[in-house]
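Asks: Have a look at the structure that comes next, please.
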Amino acid sequence: MKNGVYREVWDLDSIFPGGSESPQLVEHLRNTERKIKDFNSKVGSFVSSKCIAEPVEVTELIRLISEIEMNVSQAKSFVVCLLAQNPKDQKASTLEDK
Numbered sequence: 292m293k294n295g296v297y298r299e300v301w302d303l304d305s306i307f308p309g310g311s312e313s314p315q316l317v318e319h320l321r322n323t324e325r326k327i328k329d330f331n332s333k334v335g336s337f338v339s340s341k342c343i344a345e346p347v348e349v350t351e352l353i354r355l356i357s358e359i360e361m362n363v364s365q366a367k368s369f370v371v372c373l374l375a376q377n378p379k380d381q382k383a384s385t386l387e388d389k
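Below you can see the structure in the form of structure tokens.
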């Protein structure tokens with residue numbers, strides 16, 4: 292097995308340009324919040340007896356859960372990397388709390 296050479300500094304701008312100030316990260320978080328609100332709305336109007344007749348609704352809820360989980364995981368991983376790169380990044384610290 293060959294030993295690889297890894298850079299000591301990550302290129303986080305390739306994921307969300309601008310680090311903790313990234314407009315793309317902000318949009319990613321807003322999009323995730325919209326999906327969570329949409330999910331909550333659909334769950335709020337969900338009637339269990341109706342779900343037996345409407346498997347499409349259950350499928351949509353599962354799809355939304357999957358998308359939300361992926362978006363949250365991406366954002367969390369990115370913010371953790373920002374903090375590993377610069378523990379004094381207050382904006383990243385705030386985003387981690389969010």
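Quick note: the sequence shown uses my numbering, first residue 292, plus one each step. All C-beta atoms in this analysis are idealised placements derived from N, C-alpha and C, irrespective of residue type, glycine included.
(1) Straight-line CA distance for residue 329 to residue 295?
(2) Closest to residue 332 by CA distance: which of 315, 352 and 320 is it?
(3) Quick one, which of 361, 360 and 336 has its alpha-carbon nearest residue 349's?
(4) Alpha carbons only, please: which of 325, 306 and 327 is nearest the one belonging to residue 366?
(5) If distances are taken between C-alpha atoms only, which option among 386, 326, 379 and 368 comes closest to residue 358?
(6) Following the continuous alpha helix (DSSP H) through residue 312, name the residue where it begins and the one where it ends.
(7) By the 10 Å Cβ neighbour count, where 16 or more other Cβ atoms means buried, how is residue 310 classified, buried or exposed?
(8) Buried or exposed: where does residue 375 fall if 16 or more other Cβ atoms within 10 Å of its Cβ makes it buried?
Replies: Well, looking at it:
(1) 44 angstroms
(2) 352
(3) Nearest C-alpha to residue 349: 336.
(4) Considering only 325, 306 and 327, the residue with the shortest C-alpha distance to residue 366 is 306.
(5) 326
(6) Per DSSP, residue 312 belongs to no alpha helix (DSSP H) and is neither H nor E.
(7) buried
(8) exposed
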